[in-house]
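S.K.: My numbering applies: residue 7 is where the sequence shown begins, and numbers increase by one.
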Amino acid sequence: MTNLSSTPITASRFYTRWLNADASRAQRVAEVGKLSLNSVIFGELLQNETDAGASLPAAMRRVRNLVIATLIQRDLGGLADLAEVVDTMTAFGDFAVQTHLAAVTTELMTIHGTPIGHESGEQQEMIVLGMGKLGGGELNVSSDIDLIFVYAEDGDTVATAPEQRLLSNHEFFTRVGKKLIAALSEITEDGFTFRVDMALRPNGASGPLVASFNMVEEYLIVQGREWERYAWVKARALTGKPSDIDALEKIIRPFVYRRYLDYGSIDAIRNMHAQIRAEVTRQETRHPDRSNNVKLGRGGIREIEFLAQVFQLIRGGRDAALRDRSTRITLRTLAEKELFKPEVVDQLLHAYTFLRNLEHRLQYLDDAQTHTLPPNAADQLIVAKMMGYEDVPTLLAALEEQRTLVATQFDEIFNDKKSEHTSDNQPQAELSAVLTDTDSEQVIESYLLELSFDHAADAAKRLLATWHSPRLQSLPEASRNKLVALVNASLPLIVKVSEARATTLGRLLNFLETIARRAAYLALLTEYPHALERVIRMIAASDWAAKYLTRHPLLLDELLDDRTLKAAPDWNAFARDCRQRLDETPGDTERQMDVLREMHHAQLIRLLAQDLVGDLSVERLADHLSELADKLVEATIQTIWKGFPNRHREEPKFSVIAYGKLGGKELGYASDLDVIFLYDDDDQDAPALYAKLAQRFITWMTTHTPAGILFDVDIALRPDGASGLLVSTVSSFEKYQTTSAWLWEHQALTRARFCAGDAEIGARFEAIREKVLRQTRDPVELKKEVLEMRKKLHDAHPNRTELFDLKHDTGGMIDIEFMVQFLVLRDAVHHPRLTGDIGNIALLKLCGELGLIDTTLSGTVADAYRTFRRLQHNIRLQGAERARVEQERVATEVAAVVTLWTTLFS
């Protein structure tokens, strides 16, 4: 908000003094104000000053004052927004550092020779890192600049003239650094260019002024503190060779960005913020006139920066899009990724603009590095007018409104939630901190009995074993204390959500033992109590879910946000996100394989959460899991192909065909993928290249990485089976299917479909499939072969228990699937609709509609198949290998299946 009546001449004492010192300056401001200020313009302005006889430091200071005055004129005149102001100041900061460094380096090389690296034998250059707002591209008009000086290699200078006095590289660059600081910050009759702050360098004020890459790396690994990760997020190289900058990035990135989701950052930033707030409060108490600090005060600029950067520290190691140094860009990225609601980000950006504009106006008064409202009423009114308000109370009211908004969002993320999360529904909640890891077995058992635990004695032994295990005993004290607190918080929750409390506790302890060494996971569950409750609900409901979370604790992050956890999948958006994530690390096969696994696991846990609360039918879940697999198969094929340097075409003429569970869109959580590979390419290198593509695909799917495997892959259904080629041309596949395939291969074809790759090949496959399925067949011979194949399968899976095997026993799922396949192969010649890939249930009903089987019986058997699938699904969620139930539980369904079987095959 700008008040056009507040002209710079009346609002800024700095502007007034500077303008009145030289009558020509007003015209120069007017002329420069029409230009788009950048390094080229800065160079021309600097050249004008040096041509007039000024030294470089004097000339740079005069250009600086002209730039500041121009920005004041444009900003208060309503011609420049915040982006123009900070972009211009950042560009000038870069220009000043680069220009002075070049001059100082040249000067010292004339005296001491050229610095050469011991290892490379190459000339060394100093890299100046811009930190803080300079690094983030958001520099204030009257800000100091935070710098760090580094160089790649130790070594010595090499003389190019006999009079030169040689120095070590470290001493050479130390002298360069000192001269650079003086050139920028010494106050002369022309003022200064920038105040320079070097406090962020390794070891701070007690450390050396410059550091080699080895020194930086050792410091960050051995001594780097949590707050320094926050500072190094902004680090940006202003100078240096690109190869050196890349090497430095590889040193910095692992320190700043963890490979895992680092929720410990919340507590670290909370503590850092508390220290800052305590210091600000102390200063405001001692100096009441320094209140209303728009940068460090409650709801100020720093809290917005913390909000953006905590997500960068938590997630930036896994998501390159969150590594931008700009607060504004990062906030927008958080909205795009739905980590913040878009409307909240809009409010924060508006508050950030308001607070930064106010900060600039405070600095415009006297070109002073201040962030607090001035103590006297006259200056306060000037600031209010510059902000577009008629009086100070109105400004203060607007300021309070923005600060309250920021503080509310800050508290939502950073408030200590451990003491806030209570529930009337949690039995004995007042006892939630009773147990310690030094309690005896009797004390623990007594407490569990109070909570109405079943098998309390066994549960107490189990808990004691966890607390006394070598793995937990070796934990740092802080992690051990968090673990004990989490167990205490969990016990009432287990009572709340589960009847099988001892079993649930055992699953939870398995999970906690696995994650205990990762303090970040303990921090996440501590910071987000609702995530802990969701974990307990999931592991209470499903042993498979408990083991899955235990294998992939990274998925805890997915349990935080109800919006994403409960949202229906958007598969097109998933595919785009997958493609983008893979494209971020071209050539890094290990990382790309992990990206695929992480995205698969994340989507799977969302579907699992919806499944466990009954939001998805078994059929709908299978549709989603099959679609998920399709997208991952497509992304994998495309990524591998792009990595082939010798590929002869941009897009491969290659397709993946799905069979079995994936082909029938009946995929389960742990199903493998039955696939074959087809290609249609006349290039002489095509057979070898596509075979390599298929082999790489299998490797990418099945390799165990730190993130696990993606899918097991079965390629036994390819033409000629294990003795056949890994990949087939479309024409050879067609010939095989029409002249050589066994009947069981045609049975498998009833559940086959195009999955991923070239759509034209997919269409040709579908045409071949329909042609094969619609062949005229001898019903008697067909029946004979189907029965023989069914007997082989039955004999291969004997059931020696009293329970009914839902899949393999007579009257079970295999029988239903064989009947559907028999009907398709027998009758598709007359009824083309039977070749549709619509699933067994829909095909059964269609056969009833077509009069091929009794309509009522078709519906009953379809319902039986649905029931069997649901029971099988629920049993597998409990971790059982075989899906078996009591005979009487499914007697009605089995009788219907046997009736239809008898009708068709007797």
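Cβ coordinates follow ideal geometry from the N, Cα and C atoms, glycine included.
Since glycine 123 sits in a beta bridge, which residues does DSSP pair it with?
M.R.: Here residue 123 refers to the residue found at position 117 when the sequence shown is read from its first residue. Per DSSP, Gly161.
S.K.: Buried or exposed for phenylalanine 650, please, with buried defined as at least 16 other CB atoms from any protein chain shown within 10 angstroms of its CB.
M.R.: Translated into positions along the sequence shown, residue 650 becomes position 644. When all chains shown are included, phenylalanine 650 counts as exposed.
S.K.: Can you give the Cα-Cα distance for phenylalanine 580 and isoleucine 419, rounded to whole angstroms?
M.R.: Here residue 580 corresponds to residue number 574 of the sequence shown, with the count starting at 1. Here residue 419 corresponds to residue number 413 of the sequence shown, with the count starting at 1. Taking the straight line joining both Cα atoms gives about 27 Å.
S.K.: May I ask which residues mark the beginning and end of the alpha helix (DSSP H) holding arginine 702?
M.R.: Counting from one through the sequence shown, the residue named residue 702 turns up at place 696. Per DSSP, arginine 702 belongs to the alpha helix (DSSP H) from 692–708.
S.K.: Assign valine 46 to one of two classes, buried (16 or more other C-beta atoms within 10 Å of its C-beta) or exposed (fewer than that).
M.R.: For the purposes of this step, residue 46 is taken as the residue at position 40 of the sequence shown. That one is exposed.
S.K.: Go to aspartate 821, then tell me how far its alpha helix (DSSP H) extends in each direction, as first and last residue.
M.R.: Within the sequence shown, the letter at position 815 stands for residue 821. Taken as a continuous stretch (DSSP letters only), the alpha helix (DSSP H) holding aspartate 821 covers 819–833.
S.K.: Of all the options His814, Asp720, Ala769, Val826, which has the alpha carbon lying nearest to the alpha carbon of threonine 756?
M.R.: Numbered from 1 along the sequence shown, position 750 holds the residue referred to as residue 756. Answer by Cα proximity: Val826.
S.K.: What are the start and end residues of the beta strand (DSSP E) that includes phenylalanine 660?
M.R.: For the purposes of this step, residue 660 is taken as residue 654 along the sequence shown, with counting starting at 1. It spans 660–665 - the beta strand (DSSP E) in which phenylalanine 660 sits, taken as one unbroken run.
S.K.: Opposite threonine 711 in the DSSP bridges: which residues?
M.R.: Locating residue 711 in the sequence shown gives position 705, counting from the first residue. Bridge partners of threonine 711: Gly714.
S.K.: Thinking C-alpha only, which one of Ile307, Val835, Ala870, Asp617 is nearest glutamate 144?
M.R.: Position 138 of the sequence shown holds residue 144. Checked all of Ile307, Val835, Ala870, Asp617; the closest Cα to glutamate 144 is Ile307.
S.K.: Return the first residue and the last residue of the alpha helix (DSSP H) that isoleucine 74 is part of.
M.R.: Along the sequence shown, one-based indexing puts residue 74 at 68. Run containing isoleucine 74: 62–82, per the alpha helix (DSSP H) assignment.
S.K.: Starting from the Cα of arginine 324, find the closest Cα among Arg259, Glu125, Lys797 and give me that residue.
M.R.: Sequence index remark: in the sequence shown, residue 324 carries index 318 (1-based). The shortest C-alpha separation from arginine 324 is found at Arg259.
S.K.: Using the three-state DSSP reduction, which class does asparagine 299 fall into: helix, strand or coil?
M.R.: The residue labelled residue 299 in the question sits at position 293 within the sequence shown. Correct three-state label for asparagine 299: strand.
S.K.: Give me the residue from Phe416, Arg304, Val300, Glu311 with the minimum Cα distance to proline 380.
M.R.: In the sequence shown, residue 380 corresponds to position 374, counting from 1. With distances taken between Cα atoms, proline 380 lies closest to Val300.
S.K.: Looking at the strands, I want to know which residues DSSP matches up with valine 228.
M.R.: For the purposes of this step, residue 228 is taken as the residue at position 222 of the sequence shown. Beta-bridge pairing links valine 228 to no other residue.
S.K.: Find the nearest neighbour of threonine 866 within the set Leu489, Gln598, Trp907, His356, judged by alpha-carbon distance.
M.R.: Here residue 866 is taken as the residue at index 860 of the sequence shown, counted from 1. Of Leu489, Gln598, Trp907, His356, the residue nearest in Cα terms is Trp907.
S.K.: The alpha helix (DSSP H) with arginine 759 in it runs from where to where?
M.R.: In the sequence shown, residue 759 corresponds to position 753, counting from 1. Here arginine 759 belongs to no alpha helix (DSSP H); instead the beta strand (DSSP E) covers 759–763.
S.K.: With respect to the alpha helix (DSSP H) encompassing valine 639, which residues constitute its N-terminal and C-terminal limits?
M.R.: Within the sequence shown, residue 639 is the residue found at index 633, counting from 1. Where valine 639 is concerned, the enclosing alpha helix (DSSP H) stretches over 624–648.
S.K.: May I have the straight-line CA-CA distance separating isoleucine 643 from glutamine 53, to the nearest angstrom?
M.R.: In the sequence shown, the residue the question calls residue 643 occupies position 637. In the sequence shown, the residue the question calls residue 53 occupies position 47. If you take the alpha carbons of isoleucine 643 and glutamine 53, they lie about 56 Å apart.
S.K.: Roughly how many angstroms separate the alpha carbons of tryptophan 883 and aspartate 636, rounded to a whole number?
M.R.: Position 877 of the sequence shown holds residue 883. Position 630 of the sequence shown holds residue 636. In the sequence on display, residue 883 carries leucine and not tryptophan. Approximately 23 Å between the Cα atoms of the pair.
S.K.: Roughly how many whole angstroms lie between the Cα atoms of aspartate 445 and leucine 470?
M.R.: Numbered from 1 along the sequence shown, position 439 holds the residue referred to as residue 445. Numbered from 1 along the sequence shown, position 464 holds the residue referred to as residue 470. So the two alpha carbons sit approximately 8 Å from each other.
S.K.: Measure the C-alpha to C-alpha separation of alanine 676 and threonine 509 and round it to an integer number of angstroms.
M.R.: Within the sequence shown, numbered from 1, the residue matching residue 676 stands at position 670. Within the sequence shown, numbered from 1, the residue matching residue 509 stands at position 503. Those two C-alpha atoms are separated by around 23 Å.
S.K.: Kindly examine the ligand GDP and report whether one of its heavy atoms sits closer than 7 Å to the Cβ of tyrosine 665.
M.R.: In terms of ligand content, the structure shown is empty, and the ligand GDP therefore cannot be addressed.
S.K.: If you scan the segment 332–390 from start to end, which runs of the alpha helix (DSSP H) of 4 or more residues do you find wholly inside it?
M.R.: Here the runs fully enclosed are 333–342, 348–370.
S.K.: Which residue's Cα is closest to the Cα of threonine 287: Thr378, Ile822, Asn220?
M.R.: Sequence index remark: in the sequence shown, residue 287 carries index 281 (1-based). When only C-alpha atoms are compared, the closest one is Thr378.
S.K.: Can you say whether glycine 305 is buried or exposed, counting buried as having 16 or more other CB atoms within 10 angstroms of its CB?
M.R.: In the sequence shown, the residue the question calls residue 305 occupies position 299. So glycine 305 counts as buried.
S.K.: Use the C-beta contact count for glutamate 436: other C-beta atoms within 10 angstroms, 16 or more gives buried, fewer gives exposed.
M.R.: To locate residue 436, count along the sequence shown from 1; it is residue 430. Bear in mind that a pLDDT of 38 at glutamate 436, under 50, signals an unreliable position, so the number given afterwards is only what the model happens to contain. Exposed, because fewer than 16 other Cβ atoms sit within 10 Å of the Cβ of glutamate 436.
S.K.: Helix, strand or coil for leucine 153, going by three-state DSSP, please let me know.
M.R.: Position 147 of the sequence shown, counted from the first residue, corresponds to residue 153. It is a strand residue.
S.K.: Leucine 82 to threonine 16, Cα distance in whole Å?
M.R.: Residue mapping note: residue 82 aligns to position 76 of the sequence shown, counting from 1. Residue mapping note: residue 16 aligns to position 10 of the sequence shown, counting from 1. Cα-Cα distance, rounded: 11 Å.
S.K.: Glutamate 672 to leucine 337, Cα distance in whole Å?
M.R.: Translated into positions along the sequence shown, residue 672 becomes position 666. Translated into positions along the sequence shown, residue 337 becomes position 331. Answer to the nearest angstrom: the Cα atoms are 40 Å apart.
S.K.: Measure the C-alpha to C-alpha separation of glutamine 415 and threonine 400 and round it to an integer number of angstroms.
M.R.: Your numbering for residue 415 matches position 409 in the sequence shown. Your numbering for residue 400 matches position 394 in the sequence shown. Roughly 23 Å between the two C-alpha positions.
S.K.: Under three-state DSSP, which class holds methionine 392?
M.R.: Mapped onto the sequence shown, residue 392 falls at position 386. Three-state result, methionine 392: helix.
S.K.: Specify whether the segment 536–546 and the segment 492–508 touch according to this definition: at least 3 beta carbon pairs, one from each stretch, less than 8 Å apart.
M.R.: Result yes; three or more Cβ-Cβ pairs closer than 8 Å.
S.K.: Using the rule of at least 16 other Cβ atoms within 10 Å of the residue's Cβ for burial, across every protein chain shown, is alanine 628 buried or exposed?
M.R.: Residue 628 sits at position 622 when you count from the first residue of the sequence shown. That one is buried.
S.K.: Can the beta-carbon of valine 830 be found less than 8 Å from the beta-carbon of leucine 793?
M.R.: Stepping through the sequence shown from its first residue, residue 830 is reached at position 824. Stepping through the sequence shown from its first residue, residue 793 is reached at position 787. No.
S.K.: For the alpha helix (DSSP H) that contains serine 218, what are its first and last residues?
M.R.: The residue given as residue 218 occupies position 212 in the sequence shown. Here serine 218 belongs to no alpha helix (DSSP H); instead the beta strand (DSSP E) covers 216–218.
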